[in-house]
Amino acid sequence: MITIILKPKKEESLQRFHPWVFSGAIQRMEGKPAEGDLVEVLDSNRNFLAIGHYQIGSIAVRVVSFENIAINDNFWNRKILQAYVMRKSLGLIVPNYTNTYRLIHGEGDSLPGLIVDVYDDTVVMQAHSIGMHEIRETIAKAIVANVPEVKNVYYKSETTLPFKAAIEPEDGYLIGKETTQLSALENGLRFHVDWLRGQKTGFFVDQRENRLLLERYSAGKSILNMFCYTGGFSVYAMRGGAKLVHSVDSSAKAIDLTDKNVEANFPKDSRHTSFAEDAFKYLNNLHTLNQQYDLIILDPPAFAKHREALRNALKGYKRLNAKAFEFIKPGGILFTFSCSQVVTKEQFRLAVFSAAAESKRNVRILHQLSQPADHPINIYHPEGEYLKGLVLWVE
Ligand code: SAH
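The letter at position 21 of the sequence shown is residue 13 when you use the numbering used here, and the numbering goes up by one with no holes.
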């Protein structure tokens, strides 16, 4: 294994178990690792610090172990089993009720660069680092060996790996074959998950508990689910007894999925209508229609993917939320989210605060929402906290 020696004092973050080594912290490398290779990281006095995957870029090493141990089949089996046992013991996997969850959440499960979502007997695995890409077959075997429900492993990394790397990832089944794709169950609701064509791994598992909360507040209400994607919030709203649900997404494919999912759970239910339209266009048009809702959900895509985009993202959140406040009835509720990792919960709250102040409505925070337990945040890697939500009472 090639050794990487850090500059003096640059070992401190690793001693606090932060899982990244930035390229600027490196003094020298003894040898020339290939991208994706396992490397050993030592401090300037040659004391062992960690083992991780090497990659060219500002994050040079992603740590997989702070112990000096062999990274072999045993290691991967142990890591996958640990992750599964944790989800199981937290009651996140309930036969015939919830079989849709995140098994591996990157740094949150001490496996930077790896995302694994489970949908019934199929998992969708995504590599964000070359190291995880190189080891994909081993990981796939470890998943099938340790998660009893899983038969198929679909690998989907064409768009998540650094495009400059000298690899050509191909999406496809590493183990097993295509299945029905309509057996994903979340809190007793059925979802069609299209991992072949859908965004990310095909379904946003991270909103599961926030959807349940929405269900509780849905009875008798008119509801707008903006940025609906697969219609998750819409289906919960319907089970919660909403009197009307409007789902909006600019993608026609998303609207198709939403319609399918509503139909799968509430066939021929006239309470639901979907619109393939841009969010602002739809909201602006509500003026003309003179329409308001009892409850609005705003779950937009990440407005800021990099730190440079932060200012514009905050403006975007303010503008969007200000628009939503215009169309909430007095005594209505707003569920508003941000999944941008670079936006902190304080910044997001400030953006929503500015929007509320502009609307001159009296607004109270009912709930502050986050990501669920199958998307854990490594305490040593606070950057892993990405999903933020506020539930607001709007007078
Ligand atoms: N709420 C969803 C996830 C939303 S993902 C869930 O619970 O699963 C974000 C969605 O916003 C995507 O489906 C994307 O197609 C849609 N989107 C992106 N830009 C948009 C725009 N300008 N107007 C409307 N929808 C948009």
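Just so it is clear, CB atoms sit at the ideal spot from N, CA and C, and this is done for glycine as well.
Check: Under 8 Å, do L82 and A316 count as touching if we go by C-beta distance?
Finding: By 1-based counting over the sequence shown, the position of residue 82 is 90. By 1-based counting over the sequence shown, the position of residue 316 is 324. No.
Next item on the list: Take W68 and list the residues in its own chain whose beta-carbon comes closer than 7 Å to its own, dropping the five residues that flank it on each side.
Entry: Position 76 of the sequence shown, counted from the start, is the residue given in the question as residue 68. T130, I131, A134.
Notebook entry, point to check: Is the closest heavy atom of the ligand SAH to the C-beta of P374 under 7 Å?
Noted result: Numbered from its first residue, the sequence shown carries residue 374 at position 382. No.
Next item on the list: Please confirm if R54 has its CB atom under 8 Å from at least one CB of chain B.
Entry: As a matter of chain content, chain B is missing from the structure shown, which is built from one protein chain.
Next item on the list: Give a yes or no on contact between the segment 109 to 123 and the segment 44 to 54, applying the rule of three or more CB pairs nearer than 8 Å.
Entry: yes
Checklist line | 6 Å Cβ shell around L236 - same chain, five flanking residues per side excluded | finding: Indexing the sequence shown from 1 puts residue 236 at position 244. The residues are S214, R263.
Check: What is the residue span of the alpha helix (DSSP H) that A244 lies within?
Finding: Mapped onto the sequence shown, residue 244 falls at position 252. A244 -> alpha helix (DSSP H) spans 244 to 257.
Notebook entry, point to check: From E377 to D186, what does the alpha carbon distance come to, in whole angstroms?
Noted result: Taking the sequence shown and counting its residues from 1, the one referred to as residue 377 is at position 385. Taking the sequence shown and counting its residues from 1, the one referred to as residue 186 is at position 194. When rounded, the distance between both Cα atoms is 26 Å.
Next item on the list: Determine the DSSP secondary structure at N370, reduced to helix, strand or coil.
Entry: On the sequence shown, residue 370 is found 378 positions in, with the first residue counted as 1. Coil at N370, not helix or strand.
Next item on the list: Pick out whichever of E150, P11, F329, A17 has its Cα sitting closest to the Cα of K1.
Entry: The count along the sequence shown starts at 1 and reaches residue 1 at position 9. The shortest C-alpha separation from K1 is found at A17.
Check: Is any heavy atom in the ligand SAH found nearer than 7 Å to the beta carbon of P293?
Finding: As a position in the sequence shown, residue 293 is number 301, starting the count at 1. Correct: P293 has its Cβ closer than 7 Å to the ligand SAH.
Checklist line | Straight-line Cα distance separating F14 from K156 | finding: Walking along the sequence shown from the start, residue 156 turns up at place 164. Walking along the sequence shown from the start, residue 14 turns up at place 22. Computed Cα separation, rounded: 18 Å.
Note to self: So the candidates are D241, K192, Q199; which of them puts its Cα closest to the Cα of D216?
What the structure shows: Position 224 of the sequence shown, counting from 1, holds the residue named residue 216. The sequence given here places Leu at residue 216; Asp does not occur at that position. Closest by alpha carbon: D241.
Next item on the list: Under 6 Å Cβ to Cβ from K380, same chain only, skipping five residues before and after it: list those, please.
Entry: As a first step, residue 380 is located in the sequence shown; it is residue number 388 there, counting from the start. Spatial neighbours of K380 in its own chain (CB-CB distance under 6 Å, excluding positions within 5 residues in sequence) are listed in chain order as S330, K337, F340.
Notebook entry, point to check: Smallest Cα separation from I96: which of V139, A268, Q283, P259?
Noted result: Sequence index remark: in the sequence shown, residue 96 carries index 104 (1-based). The shortest C-alpha separation from I96 is found at V139.
Next item on the list: Can you grab the Cα-Cα spacing for the pair T250 / K307, in whole Å?
Entry: Position 258 of the sequence shown, counted from the first residue, corresponds to residue 250. Position 315 of the sequence shown, counted from the first residue, corresponds to residue 307. Their backbone Cα atoms lie some 29 Å apart in a straight line.
Item checked: Expected contact under 8 Å - CB spacing of F225 and R203 to nearest Å -> Locating residue 225 in the sequence shown gives position 233, counting from the first residue. Locating residue 203 in the sequence shown gives position 211, counting from the first residue. Yes, F225 and R203 are in contact; Cβ-Cβ is about 6 Å, under 8 Å.
Item checked: Inter-residue Cα distance where the pair is L382 and L358 -> Within the sequence shown, residue 382 is the residue found at index 390, counting from 1. Within the sequence shown, residue 358 is the residue found at index 366, counting from 1. L382 and L358: Cα-Cα distance of roughly 8 Å.
Notebook entry, point to check: Mind checking whether the beta-carbon of S346 lies closer than 7 Å to any heavy atom of the ligand SAH?
Noted result: The count along the sequence shown starts at 1 and reaches residue 346 at position 354. Not under cutoff, so the answer is no.
Note to self: Which residue wins for smallest C-alpha separation from Y332, given the options A42, E375, G28, M117?
What the structure shows: Start at 1 with the first residue of the sequence shown, and residue 332 comes out as number 340. Just to set this straight, residue 332 is Ser in the shown sequence, not Tyr. The shortest Cα separation from S332 among A42, E375, G28, M117 belongs to E375.
Check: Going by alpha carbons, who is nearest to A347 out of G323, T328, A314?
Finding: In the sequence shown, residue 347 corresponds to position 355, counting from 1. Distance check between A347 and each of G323, T328, A314 places A314 closest, using alpha-carbon atoms only.
Next item on the list: Have a look at I(-3), I(-4), S36, F58 and flag the residue whose alpha-carbon is nearest the alpha-carbon of Q7.
Entry: Here residue 7 corresponds to residue number 15 of the sequence shown, with the count starting at 1. Residue F58 is the option with its Cα nearest to Q7.
Next item on the list: Determine the burial state of D286: buried for a count of at least 16 other Cβ atoms within 10 Å of its Cβ, exposed for fewer.
Entry: The residue labelled residue 286 in the question sits at position 294 within the sequence shown. With 16 or more Cβ atoms within 10 Å of its Cβ, D286 is classed as buried.
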